Structures are given as structure tokens and as C-alpha cells.
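Undergrad: Each protein sequence line maps, in turn, to chains A and B.
For the first sequence, the tail end lands on 122 under the working numbering, and the numbers increase by one without skipping.
For the second sequence, the tail end lands on 278 under the working numbering, and the numbers increase by one without skipping.
Ideal Cβ placement from N, Cα and C applies to all residues, glycine included.
Bear in mind that the values here come from a model prediction, so they are computed numbers and not experimental data.
Dropping the structure in here first, questions after.
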Amino acid sequence: MLIILKINNQRARQFLIVQEVGKSAKPGWQAVQARSIISKVSFKIMLTSDPQLPYKVLSVLESSFFTAVLKFAAEEFKVLPATSAIITNDGIGISPAQTAGNIFLKHGSEMRIILRVHVGSC
Amino acid sequence: MSRKAEGVPGLNAVQAALEDMGDKPPGFRGSRSWIGCVEASLCLAHFGGPQGRLCHVPRGAGLHGELQRLYSHFERGGGPVMVGGDADAQAKALLGVCVGPGTEAYVLILDPHYWGASKNPKELQAAGWVGWQEVSTAFNPTSFYNLCFTSCNSKK
Numbered sequence: 001m002l003i004i005l006k007i008n009n010q011r012a013r014q015f016l017i018v019q020e021v022g023k024s025a026k027p028g029w030q031a032v033q034a035r036s037i038i039s040k041v042s043f044k045i046m047l048t049s050d051p052q053l054p055y056k057v058l059s060v061l062e063s064s065f066f067t068a069v070l071k072f073a074a075e076e077f078k079v080l081p082a083t084s085a086i087i088t089n090d091g092i093g094i095s096p097a098q099t100a101g102n103i104f105l106k107h108g109s110e111m112r113i114i115l116r117v118h119v120g121s122c
Numbered sequence: 123m124s125r126k127a128e129g130v131p132g133l134n135a136v137q138a139a140l141e142d143m144g145d146k147p148p149g150f151r152g153s154r155s156w157i158g159c160v161e162a163s164l165c166l167a168h169f170g171g172p173q174g175r176l177c178h179v180p181r182g183a184g185l186h187g188e189l190q191r192l193y194s195h196f197e198r199g200g201g202p203v204m205v206g207g208d209a210d211a212q213a214k215a216l217l218g219v220c221v222g223p224g225t226e227a228y229v230l231i232l233d234p235h236y237w238g239a240s241k242n243p244k245e246l247q248a249a250g251w252v253g254w255q256e257v258s259t260a261f262n263p264t265s266f267y268n269l270c271f272t273s274c275n276s277k278k
């Protein structure tokens with residue numbers, strides 16, 4: 001069963017409820033019990049270094065660290081994660097050691113991936 | 123977690139913060155690896171300094187497309203804008219912008235590489251450490267740039 005919960009008009013979270021059917025004391029009835037809730041969040045990530053501004057939509061577990069989002073986005077756009085960074089549409093840098101769910105709640109789903117200046121070591 | 127800034131953090135603290143927040147891999151502390159605009163903006167947030175908003179200028183775009191934003195930034199009292207590029211690896215700080223009626227435009231550039239004893243403003247200007255430069259010549263059209271717009275946090 002898939003339930004989409006709207007937090008506000010612009011943000012939504014998806015909940016996947018895994019159910020197991022068990023026995024009920026009442027004849028003819030079957031008890032359903034939520035076993036676990038697996039929630040995912042989706043991000044729309046735009047590649048700003050390309051004038052066409054291509055984008056990808058990635059869906060990850062909300063408990064994933066945001067480093068996974070950066071890694072997946074970089075792979076999709078064929079850029080190196082180490083020389084890329086994800087920022088919000090209004091330019092806030094994302095510290096990657098936060099969960100995807102936390103980032104989603106703070107900043108929403110629309111992000112940009114940018115190239116970093118990387119000239120080795122001094 | 124951000125903490126209230128108590129002066130400018132030193133290099134060790136900056137490296138430790140970047141490693142601890144997961145932006146840099148283990149071993150970054152004590153290394154000579156590069157710190158650019160993205161890292162600077164993360165550290166500004168971490169240490170509770172001025173807000174730093176990032177803007178990416180793709181290769182070939184040049185800075186002409188950002189002149190209006192730069193103008194508005196400084197007009198509203200915004201702070202220095204840190205600039206780093208790839209093909210143009212010379213970091214800069216923008217302190218002002220002057221836009222004329224045509225396509226000519228100038229930016230006030232501070233070279234952050236100065237070190238040594240402090241000098242008076244006239245000496246710094248005469249030596250080229252700070253000065254107005256025409257946008258087309260100051261920025262390499264083959265380079266991408268990251269700009270970090272700094273401004274005071276309204277919550278401070």
C-alpha cells in the first residue's frame with residue numbers, strides 16, 4: 001500500500017507500509033498490522049554547469065546520508081562526486097553528513113549540483 | 123552543529139570542521155588539499171559567521187550575467203563576494219561593481235593572496251592588491267566560477 005502525505009502544497013513524503021496479515025479473535029476478520037514504515041524522499045537535481053540545465057529525480061530512503069544523494073547524482077550526470085557539491089536553488093551549501101529526510105524538511109526537494117574548484121593541493 | 127563565531131577560525135579548525143561534517147574524507151586534517159568557495163560557505167554556516175550563498179557561473183557564460191545580482195547584493199549592504207574558478211585558478215574577492223550605460227562594467231577586486239605587514243590603502247592600491255578591473259578582462263571566459271555572496275545574518 002502506498003500513501004502519499006502532503007506536508008504543504010510543495011512537499012510530499014511517500015510512505016510505504018508493509019503489512020502482514022495475522023489472526024484475529026473475531027471470526028471472519030483478519031487483523032492487519034503495520035510491520036514497518038519505509039519512507040523515501042525525492043529530490044529534483046539540476047546540473048548547473050550545463051546550459052541546457054538537465055535534471056534528474058532521485059528517490060532515496062529518508063534515513064540515508066545525503067552523501068548518497070551526491071554520489072548518485074554525480075554518477076547520473078557523469079561528474080566526480082569529489083569535485084561536485086549539491087546546493088539549494090537559493091545557494092545554500094548542503095553539509096552532506098545529514099540524512100536525506102532532514103535535508104528534505106529543511107530545504108525541500110529542488111537542488112542543484114555544481115562543480116567545485118579543485119586544483120589539487122598547494 | 124554551528125557555534126557562535128569567536129574570531130576567525132584557524133586552518134586547523136576549518137579542516138577539522140570540513141572533515142567532521144562529512145564534506146571531506148578522513149585525512150583531510152593537516153593536509154594541503156584545496157579549500158574553495160563551497161568549503162568556505164559550509165564553514166561560514168558551521169562557525170556561525172556571515173551567511174554565504176553560492177552561485178555557479180558555467181564555462182563560457184562570463185560574469186556579465188551576474189552583474190545585476192552583484193549590483194543588488196552590494197546595494198543592499200552585502201559583504202565581499204568570494205570567487206574561485208577552475209581554468210582561472212586565481213581566487214578573488216569582489217568588493218563592488220560599477221555598471222555603465224553600455225556593456226562596459228567594472229568590478230572592485232581584492233587579491234586575497236597578500237601576506238606580510240599591513241600597509242595603508244594607498245600602498246595596497248598602488249601595488250595592485252585592490253583595484254577596479256573591467257569585467258571582460260578580469261574573468262576568463264573559458265573558466266567556470268563559483269561565487270560566494272556573503273551577508274550578515276539577520277538573526278545575529
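7 angstroms is my cut-off, CB to CB: does A/I87 come that close to chain B?
TA: Chain B, which has a Cβ nearer than 7 angstroms to the Cβ of A/I87, makes this yes.
Undergrad: Leaving aside the five residues before and after B/C274 along the sequence, list all residues of the same chain whose C-beta is less than 6 angstroms from its C-beta, in chain order.
TA: Correct list, in chain order: P172.
Undergrad: Let me check one thing: in DSSP terms, what residues is A/S42 bridge-paired to?
TA: Per DSSP, A/S59.
Undergrad: Should B/G331 be flagged as near chain A, meaning a C-beta pair shorter than 7 angstroms?
TA: This structure cannot speak to residue 331 of chain B, because chain B is shown only from 123 to 278.
Undergrad: Take B/G206 and list the residues in its own chain whose beta-carbon comes closer than 6 angstroms to its own, dropping the five residues that flank it on each side.
TA: Excluding positions up to five away in sequence, the list reads G158, C159, A213, N268.
Undergrad: Using a Cβ cut-off of 8 angstroms, pull out every chain B residue sitting near A/G93, in sequence order please.
TA: By Cβ distance, chain B contributes V160, S163, L164, A167, G174, L176.
Undergrad: As an exercise, report each continuous beta strand (DSSP E) stretch of at least 3 residues that is fully enclosed by the segment 138 to 218 of chain B, in chain order.
TA: Runs found: 173 to 179, 203 to 207.
Undergrad: Exposed or buried, what is A/L80 when buried is set at 16 or more other beta-carbons lying within 10 Å of its beta-carbon?
TA: Label assigned to A/L80: exposed.
Undergrad: Kindly list, in the order they appear in chain A, the residues whose Cβ is closer than 9 angstroms to that of B/G144.
TA: Chain A residues near B/G144: F65, F66, T67, S95, P96, A97, Q98.
Undergrad: Would you kindly work out how many angstroms separate the C-alpha atoms of A/S84 and B/W254, rounded to a whole number?
TA: Each residue's Cα considered, the two are about 31 angstroms apart.
Undergrad: Taking 7 angstroms as the CB-CB cut-off, is B/F266 touching chain A?
TA: So, interface residue.
Undergrad: Taking C-beta pairs closer than 9 angstroms, name the residues in chain B that A/P51 reaches, listed in chain order.
TA: Simply P180, G182, A183.
Undergrad: What three-state label does DSSP hand A/I103 in the structure shown?
TA: In the structure shown, A/I103 sits in a helix (DSSP, three-state: H, G or I).
Undergrad: If we ignore side chains and look at the alpha-carbon of each, how far apart do B/K146 and B/G222 end up?
TA: C-alpha separation (whole angstroms): 42 angstroms.
Undergrad: Report the partner residues of B/W237 according to the DSSP bridge assignment.
TA: In DSSP, B/W237 forms no bridge with anything.
Undergrad: Can you list, in chain order, the residues of its chain whose CB lies under 7 angstroms from that of A/P96, leaving out five sequence neighbours each side?
TA: F65, F66, T67, L70, listed in sequence order.
Undergrad: Of all the CB atoms in chain B, is at least one closer than 7 angstroms to the CB of A/T83?
TA: No, A/T83 does not count as interfacial toward chain B.
Undergrad: Smallest Cα separation from A/E110: which of A/T88, A/E62, A/S63, A/V117?
TA: When each option's Cα is compared against that of A/E110, the closest is A/T88.
Undergrad: Roughly how many angstroms lie between the CA atoms of B/G170 and B/V130, to the nearest whole one?
TA: Going from the Cα of B/G170 to the Cα of B/V130 covers about 11 angstroms.
Undergrad: Straight-line CA distance for A/L47 to A/K78?
TA: Cα to Cα, the separation comes out at about 11 angstroms.
Undergrad: Give the straight-line distance between the Cα atoms of A/S49 and B/E161, rounded to the nearest whole angstrom.
TA: Their Cα atoms are separated by approximately 18 angstroms.
Undergrad: Within a Cβ cutoff of 6 angstroms, which residues of the same chain sit near A/I113, ignoring the five residues on either side of it in sequence?
TA: So the qualifying residues of the chain are I45, L47, A73, S84, I86.
Undergrad: Could you work out which residue in A/I94, A/G101, A/K106 is closest to B/M143 when comparing CA atoms only?
TA: Checked all of A/I94, A/G101, A/K106; the closest Cα to B/M143 is A/I94.
Undergrad: Pick from B/R175, B/Q137, B/A139, B/D208: whose alpha carbon is nearest that of B/G272?
TA: It should be pointed out that residue 272 of chain B corresponds to Thr in this sequence rather than to Gly. Ranking the options by Cα distance to B/T272, first place goes to B/R175.
Undergrad: Between the segment 233 to 241 of chain B and the segment 176 to 188 of chain B, are three or more C-beta pairs nearer than 8 angstroms?
TA: Verdict: no, contact absent.
Undergrad: Can the beta-carbon of A/V57 be found less than 7 angstroms from the beta-carbon of A/S39?
TA: No, they are not a contact pair.
Undergrad: Checking the sheet assignment: what are the DSSP bridge partners for A/S84?
TA: Looking at the DSSP assignment, A/S84 forms a beta bridge with A/L115.
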